[in-house]
Amino acid sequence: MSRGKSGIKRINLCYTTTVLQKNIHWGFLVLTIRAAQMRVFEDDQLHRWIAQFLWSCYPDRMTSPGAVHHHVTRSIERARTRGLSAAFEIKKYVHIAFLADWMLESSPDFRWARLILDDEELGGLGGRVHQVEAQLAGGTIS
342 MSRGKSGIKR
352 INLCYTTTVL
362 QKNIHWGFLV
372 LTIRAAQMRV
382 FEDDQLHRWI
392 AQFLWSCYPD
402 RMTSPGAVHH
412 HVTRSIERAR
422 TRGLSAAFEI
432 KKYVHIAFLA
442 DWMLESSPDF
452 RWARLILDDE
462 ELGGLGGRVH
472 QVEAQLAGGT
482 IS
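Its first residue numbered 342, the sequence shown is counted upward by one per residue in our numbering.
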């Protein structure tokens, strides 16, 4: 795999063809993946990883796959809006959104959590997300 000047990743794939079932020709096919396309692949992997985490930890609390997909997608977007970019931090944010019944950003019951997330004096955003996660999970997060 190589990266061109524009940041485009190029992957050389080896392929074979059979002509008249006797002659095998070797060649190379160049697959170009642009940054926007890589982002789609990375987002899909992140989404699957987080959804699998929730399904494995909370099988009794899961609703339909479509509803989980919707909430996870929306929570990933909100995590990025808040400034989270590392996958494990985004996962923690989605986890706290789930623990708050997907109402973290809207319910008055979770105003305390939003105050922690918004208070830059409490440290970095990743640490504040961890603090809220621990409180919502009953202090069981290490």
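Positions of the beta carbon are idealized from the N, C-alpha and C atoms, including for glycine.
Own chain, CB closer than 6 Å to residue i, minus 5 neighbours either side, in chain order
i, result
"L387", "A428"
"Q476", "none"
"H412", "W443"
"W453", "none"
Close-in-space but distant-in-sequence residues of the same chain around residue i (CB under 8 Å, 5 per side omitted)
i, result
"E446", "R419, A438 and R455"
"L463", "I457, R469 and Q472"
"W396", "M403 and V409"
"R460", "The sequence shown places Asp at residue 460, not Arg. Result list for D460: R469, in chain order."
Whether residue i touches residue j by CB criterion (9 Å)
i, j, result
"K433", "G467", "yes"
"L440", "A478", "yes"
Contacts around residue i, its chain only, beta-carbon distance under 7 Å, and the 5 residues preceding and following it disregarded
i, result
"H436", "E474"
"F394", "K432"
"F451", "A441, M444 and L445"
Supposed close pair residue i, residue j - CB separation, criterion 8 Å
i, j, result
"A392", "V409", "6 Å"
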